[in-house]
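Residue numbers (UniProt numbering): 1 to 190.
What follows is one structure encoded as structure tokens, with my remarks underneath.
Shown next, in the form of structure tokens:
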């Protein structure tokens, strides 16, 4: 059975462990204060236009992330989180690539090791595999937002191996292994 996450107080990012002791943590991620908007969304008209078009204004989180495609390529993206949705934006083309309603998110999958990867599991669509140095903040924020807006406790699944739907036709398995000096990550078709 997968553990549920109890965030407790999320006001400063230093007084809680969103992974309930089930994950190896970097010291820097445990002592980091959460800022939310790391790219100054209001100073980027194309991002404001995307949010306005969707009827969203309040940004809870914004930062650069890496997205992994079904073909295994890494793409630089901007991730925006609002009270209602996750936005994935192409910063070069300045276009919205994907909008996922928070209500459509079933769970988040992460390894038990110290790494930057996480998968957003969306059963009605395909899933999203991302890497971010601010993973702790993203996970904490998504869990708290779901609890606040829909009274739904988002599951955070911790395992060193999990599957995700990279597209409607492609299922991938990601495996994590602790090695000297860090974590080895392997992504393979299922």
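Idealized CB from N, CA, C, for every residue including glycine.
Under the three-state reduction of DSSP output, residue 41 falls in the helix class. In this structure, residue 188 lies near residue 175, with their beta-carbon atoms less than 9 Å apart. Beta bridge pairing from DSSP links residue 165 with 171. The three-state reading of DSSP puts residue 87 in strand, counting E and B together. When DSSP assignments are scanned along the segment 46-80, the uninterrupted stretches of beta strand (DSSP E) that are 3 or more residues long and fall wholly within it turn out to be 59-68. Within its own chain, the residues whose Cβ lies closer than 8 Å to the Cβ of residue 91, once the five positions on either side in sequence are excluded, are 64, 76, 77, 78, listed in chain order. A Cβ-Cβ distance of about 32 Å is found for the pair residue 71 and residue 36, leaving them out of contact under the 8 Å criterion. When DSSP states are grouped into helix, strand and coil, residue 178 belongs to the strand group.
When DSSP states are grouped into helix, strand and coil, residue 136 belongs to the helix group.
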